[in-house]
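> Below is one structure. I have some questions about it.
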Amino acid sequence: MQAQRRRFWLGAASHGFCALAFLTALLTAGFIGFAASLAREEHPLELDAEGVVVLTGGSDRVLQATELLARGQAQRLLITGVNPMTHGAAIERLLPISRQLFNCCVDLGYQAQDTEGNARETRDWMQRRGLVGPLIIVTSNYHMPRALLELQSALPGVELYPYPVVGEHVRVESYFEDQRVLRLLLREYLKYLRALARTRWETISARPV
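Here the sequence shown is numbered in UniProt numbering, starting from 1 and rising by one per residue.
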């Protein structure tokens, strides 16, 4: 009897170890693919859209989005996730556009506190402004996959053009050598997986029975 129990627990431990090893290999391969998919360089976006949306988190993002608006590649700009303590006048002074363009065509979103909130704020903005798309989406290169995932879930059918910003201080290709970048990408990858699971579950749950 003891020999049978021992064989059972050894078998269970062996299967558990194999499952853990498989899951670890799967997550590792997924992370490598995630890191490899991130933009290494910025390229001009040669197209026009109805609106441009920038997710806050760095001044480079907002400046790039503002330049797209100034060049006439979008009719309106939404800056989503603005700190509630930051007034519009302070933002206006930082942007390389005229007061006239800022007042007519720039909207500030103060409600979003995370990427899911950015997507909801963008959806509400489009409804309020009567926009149908397409939209140019501006955020950091490492944040773009999750941002697109959330926006596609909140805005089904809306065409989205990604414009990933490559920051000087986050070189995603150096994650093998730079522990800081590795930790950043790992956190973003895990957030991406969590968002992927949630949005897929919401899609399945919304289907009629």
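Every residue, glycine too, gets a C-beta built ideally from N, C-alpha and C.
(1) Got a sec, what are the start and stop residues for the alpha helix (DSSP H) Val138 sits in?
(2) Consult DSSP for Thr80 and reduce its assignment to one of helix, strand or coil.
(3) Return the chain-ordered list of same chain residues with a C-beta closer than 6 angstroms to the C-beta of Arg40, the five sequence neighbours on each side being excluded.
(4) Nearest CA to the CA of Leu38: which residue from Arg194, Val181, Trp201, Leu196?
(5) Per DSSP, what are the beta-bridge partners of Asp48 in this structure?
(6) Can you give the Cα-Cα distance for Leu186 and Phe31, rounded to whole angstroms?
(7) Is Gly51 closer than 8 angstroms to Leu131 when the C-beta atoms are compared?
(8) Within 10 angstroms of its Cβ, does residue 213 collect 16 or more other Cβ (buried), or is it exposed?
(9) Could you give the DSSP three-state label for Tyr161: helix, strand or coil?
(10) Measuring from the CB of Phe34, is there a heavy atom of the ligand NAD at a distance below 7 angstroms?
(11) Thinking C-alpha only, which one of Asn118, Arg200, Tyr192, Pro164 is nearest Leu27?
(12) Straight-line CA distance for Gly133 to Leu149?
(13) Bridge partners for Leu108 per DSSP, in chain order?
(14) In the structure shown, what three-state DSSP assignment does Val54 receive?
(15) Which same chain residues, not among the five before or five after Tyr110, have their C-beta less than 7 angstroms away from its C-beta?
(16) With respect to the alpha helix (DSSP H) encompassing Ala70, which residues constitute its N-terminal and C-terminal limits?
(17) What is the DSSP secondary structure of Thr86, counted as helix, strand or coil?
(18) Whole angstroms is fine: what's the gap from Arg128's alpha carbon to Ala154's?
(19) Give me, in chain order, the residues of the same chain whose beta-carbon lies closer than 7 angstroms to that of Tyr142; leave out the 5 immediate sequence neighbours on both sides.
Let me spell this out:
(1) Segment 135-140 is the beta strand (DSSP E) holding Val138; no alpha helix (DSSP H) there.
(2) strand
(3) These residues qualify, in order along the chain: Glu173.
(4) Of the listed residues, the one whose Cα sits closest to Leu38 is Val181.
(5) Asp48 is not bridged to any residue.
(6) Roughly 7 angstroms separates the two Cα atoms.
(7) yes
(8) Lying outside 1 to 209, the shown extent of the chain, residue 213 is not represented and no answer is given.
(9) strand
(10) No copy of the ligand NAD occurs in the structure displayed, which carries no ligand at all.
(11) The shortest Cα separation from Leu27 among Asn118, Arg200, Tyr192, Pro164 belongs to Tyr192.
(12) Distance between the alpha carbons of Gly133 and Leu149: 17 angstroms.
(13) Ile79
(14) Of the three classes helix, strand and coil, the one that applies to Val54 here is strand, per DSSP.
(15) Val82, Pro84
(16) Its alpha helix (DSSP H) spans residues 59-70.
(17) coil
(18) 15 angstroms
(19) Non-local C-beta neighbours of Tyr142 in its own chain, meaning closer than 7 angstroms and more than five positions away in sequence, comprise Leu38, Val170, Val172, Leu184, Leu185, Glu188, ordered along the chain.
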